[in-house]
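Participant: Everything in the sequence shown is counted per the numbering used here, starting at 666 for the first residue and increasing by one.
For glycine and all other residues, C-beta sits at the position ideal for the given N, C-alpha and C.
Quick caveat, the model's predicted, so the values are computed rather than measured.
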Amino acid sequence: MLQSLSRLEATTTTTTLCGGRRGRERGVKRLVTRVSSSSASSSRRPLRRLRALSSADIKERSPSPSNKLDSSSSFSETEVTTGEILTRPKPKFEGLEKEKKKRKEKSRKPPWLRQKAPVGEEYERLKEQLGGLKLATVCEEAQCPNIGECWSSTSADGKSSHVATATVMLLGDTCTRGCRFCAVNTSQAPPAVDADEVENTASAIAQWGVGYVVLTSVDRDDLEDGGSSHFANTVRRIKELKPSILVECLTPDFRGDMEAVKKLARSGLDVYAHNIETVARLQKRVRDPRANYKQSMDVLVAAKECGVYTKSSIMLGLGETIEEVKETMHDLRDAGCDILTLGQYLQPTPLHLSVVEFLTPEMFEELKVYGEEVAGFRFVASGPLVRSSYKAGEFFIENMIKKDKQQQQL
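1. For G1008, list the residues DSSP reports as bridge partners.
2. Would the beta-carbon of Q1009 fall within 7 Å of that of P954?
3. Beta carbon of A925, beta carbon of G891: below 7 Å?
4. Going along the chain, which residues of its own chain have a beta-carbon closer than 8 Å to the beta-carbon of T975, five neighbours each way excluded?
5. At the level of alpha carbons, what is the spacing between L981 and R1052?
6. Can you check which of these residues, A930, A945, P856, is closest to P917 by C-alpha distance?
7. Quick one: grab the DSSP three-state call for F1044.
8. How would you write the range of the beta strand (DSSP E) that V936 sits in, first residue to last?
9. Between the Cα of V883 and those of Q853, K1070, K1033, L1011, spot the shortest distance and give me the residue it belongs to.
10. Within 10 Å of its beta-carbon, does L1016 have 16 or more other beta-carbons around it, so buried, or fewer, so exposed?
11. Tell whether a beta-carbon distance below 7 Å holds between C844 and R952.
12. Grab me the residues of I910's own chain with a C-beta within less than 8 Å of its C-beta, minus the 5 sequence neighbours each way, in chain order.
13. Please name the residue, chosen from P1013, T1006, M834, that lies closest to E1030 on a Cα-to-Cα basis.
14. Report yes if the C-beta distance between C914 and L934 is below 7 Å; otherwise report no.
15. For the alpha helix (DSSP H) holding V966, just list the boundary residues, first then last.
16. Using the rule of at least 16 other Cβ atoms within 10 Å of the residue's Cβ for burial, across every protein chain shown, is H995 buried or exposed?
17. In this structure, how does DSSP classify V912 when only helix, strand and coil are distinguished?
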C-alpha cells in the first residue's frame, strides 16, 4: 500500500514538471494507467487514490450492485471508481418525508384558531368546585377551545367581562356511541348513573350565580329512556332552587324515542338543543351509525311541538360544500329550529377525522348573514371557535328569551 502511494506521489510530481499541454496530458495518462493497474491489489476505496485527477478527466459509468446505498441514508453520495464520478439519487423514503411534511403543514391551524391556555383564579376555582362535586363538563371532556374564556370573567380579547359559566355533562363521562369527531370516552357498558348527580348538579349551579346554564350528556343507549328522566329531574330541581335561571338542554336523540324527547321538553327547560352535526351527505362518515339526519330532524320537530325554543349546530370543515350547508339551514328551519351555531371542526386526536378545510372568519360571517336574513333563524352564532354551548350565543339567547317574556306580559 505504501509503495503504491509513493509511486502515485512520484508520478504526480513528474506530471507537474512536464512542460506544455502535451506533457501534462501524457503525465495524466500515465497516472490513470498506474492507478488502474494497482487498484485491484488495494482494499482502499479508489476515491482516496484519485485526488490528483480533475473532474474533466473522469468519465461516467453505471453503478454496480455492490455500491448500493443504505436505505436509511438521506443524502446523495459521490463515488469515484476507475476514472468515473457517480452521483447517487436520494432514497425513495425522502418522498414519504415530504408527504408527511405536506400533511403537517396542511393540518396546521391558521392564526385565527390559536387560543391561549386556560389560566386564572376563576378558572382554577371552577375546576376545583366541579371536581369536588364529581361533575363532568363537556368543556373538558370534548376539549373545547373556549374553556379559558367561558371559565373566567374576561373574554378572549381581554376587554369585556361576563359571569363565568360551564356546560355540565350529566349521566357520567362515558358514551355508548363512537362518533368519529368526538373525544369523549366510549363504552357499551358505562358506569352506573350517580344517584346524587341531580342534587349535586342543581346545588352547584344555584351557587354559581349564573343567569343561563347548559346541561348536556353523553348518549346512554343502555338506559331505558336514554336518560330523559334523569335530564328532566335535574331541570326541575334547578328551577326549584333558582326559578329565575334559564336552562338549555343539549340532548342526544334518545334512540329516536319521541316520547322521551317530549318528556324532557315539558320539564320546564327554556331551550331544547339537539345537534344535526353535519350535512346529510356526510352523516354516515361523521356520526355513529345509530344517529342519522332524519332522526335528528324529527327530534327537533317533537321538541318544538312542546312550545320551547329549539337550537342546533353544524360543524364545518369536514368536506361539505357551502350549498350543502345552506340546504341544511333550510331543513332546520322547516323543522322549526330557532337558533343555529356554526363552528370550525378541529381534530381532537390523530385517531379522529382529519380537517378537510379551515374556513375563514369572513366565510363564517357570510353564513351568519345568510342564516338570519335568508333562512330566517332568530339568531345565528357563527365563527371559527363557536361551539354548541358558546358564551356569546348564550348571552344573546338569554336576552332574547327575556325580551319575549316581557312582550307576552304586555
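Facilitator: According to the data block:
1. M980
2. no
3. yes
4. V936, Y937, A938, H939, L965, A968, K969, A1000, G1001, C1002, D1003, I1004
5. 11 Å
6. A930
7. strand
8. 936-938
9. Q853
10. exposed
11. yes
12. I870, A871, V875, G876, Y877, V878, I903, K904
13. T1006
14. yes
15. 958-969
16. exposed
17. strand
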